Amino acid sequence: GNSVTQMEGPVTLSEEAFLTINCTYTATGYPSLFWYVQYPGEGLQLLLKATKADDKGSNKGFEATYRKETTSFHLEKGSVQVSDSAVYFCALSAGSGGSNYKLTFGKGTLLTVNP
Amino acid sequence: GAVVSQHPSRVICKSGTSVKIECRSLDFQATTMFWYRQFPKQSLMLMATSNEGSKATYEQGVEKDKFLINHASLTLSTLTVTSAHPEDSSFYICSAVGTGYIYEQYFGPGTRLTVT
């Protein structure tokens with residue numbers, strides 16, 4: 626079956642530090658890959674996505690590249706801010722027919738950025 | 015665009031009562047909606063897939079008679095927790111997929127259910 630493994634946190638960084646959150650996946654076929662962010666007490670927001678190999682998703686300074694050869698989709702940001710403190714979820718969508726939309730989530734990584 | 019709302023945002027109910035949570039797609043038609051449950055500091059667990067005009071598909075281990083899902087229109091799905099018990103206390107999140115949003119889900123803000 627499909628699965629997502631992401632770096633367990635919590636991750637604590639100082640402002641302007643470099644961020645990497647690792648994510649690897651197992652899936653049949655050609656999944657789409659996503660990073661979602663969840664701020665305290667809120668639902669999930671799509672941060673970025675990539676739908677095919679070598680695609681790079683980017684948003685708000687965050688980037689992730691779909692690496693089929695290593696089955697990875699690591700999240701990076703060059704300079705984090707206090708406002709980036711949140712839980713980050715890696716996810717994939719794969720399947721056939723109506724189940725194309727089903728998402729499989731990683732366990733989430735809590736990021737805390739200190740001033 | 016692609017906004018999903020949930021109502022209520024928080025609800026407290028007594029054990030044995032039923033609670034209904036609404037999920038609405040505000041600016042698009044949602045052919046498919048999903049319901050998730052999230053425990054503190056944990057990931058989202060998919061409970062069921064809801065398709066407009068048809069019965070919901072429940073994930074293994076989810077009691078369909080306890081968690082009633084109705085997708086009555088292209089903009090509304092409801093989750094009713096029947097005969098709630100304290101162990102049903104959780105954060106419930108819905109998401110919606112529109113007709114043009116292949117592979118992408120838009121999430122509601124979540125509903126915090128507390129059963130006393």
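Just so you know, the sequences run in chain order A and B.
One gets this note's numbering by counting positions in the first sequence from 1 and adding 625 to each.
One gets this note's numbering by counting positions in the second sequence from 1 and adding 14 to each.
No residue lacks a Cβ here, since even glycine has one placed at the ideal position from N, Cα and C.
These numbers come from a predicted model, not from an experiment.
Judged by DSSP secondary structure, N627 of chain A falls outside any beta strand (DSSP E); it is assigned neither H nor E.
When the beta-carbon positions are compared, E66 of chain B and L88 of chain B come within less than 8 Å of each other. Residues V33, A98, V129 of the same chain have their beta carbon placed closer than 7 Å to that of C27 of chain B, with the five preceding and five following residues left out of the count. Per the C-alpha coordinates, the member of B:Q52, B:K69, B:M59 positioned closest to G75 of chain B is B:M59. By the Cβ neighbour-count rule, A110 of chain B is buried, with 16 or more other Cβ atoms within 10 Å of its own.
Every beta strand (DSSP E) of 3 residues or more that sits fully in the stretch 80-122 of chain B is shown, in chain order, as 81-87, 90-95, 104-112. Exclusion of the five residues before and after A716 of chain A leaves V629, L658, F659, W660, Y661, L728, T729, F730, G731 as the residues of its chain whose Cβ lies within less than 8 Å of its Cβ. Shown here, Y726 of chain A sits in a helix according to DSSP, grouped into three states.
When DSSP reads this structure, T125 of chain B sits in a beta bridge with B:Y106. Taking a Cβ-Cβ threshold of 9 Å, the residues of chain B close to F730 of chain A are Y50, S57, L58, M59, L60, in chain order.
Assignment of beta-bridge partners to Y713 of chain A by DSSP yields A:V662, A:T734.
Apart from the 5 residues on each side of it in sequence, R126 of chain B sits with its Cβ closer than 6 Å to the Cβ of R24, F105 in its chain, given in chain order. Of the residues assessed, A678 of chain A falls on the exposed side of the cut-off, its CB having fewer than 16 other CB atoms within 10 angstroms. Here the alpha carbon of S683 of chain A sits roughly 22 Å from the alpha carbon of G122 of chain B.
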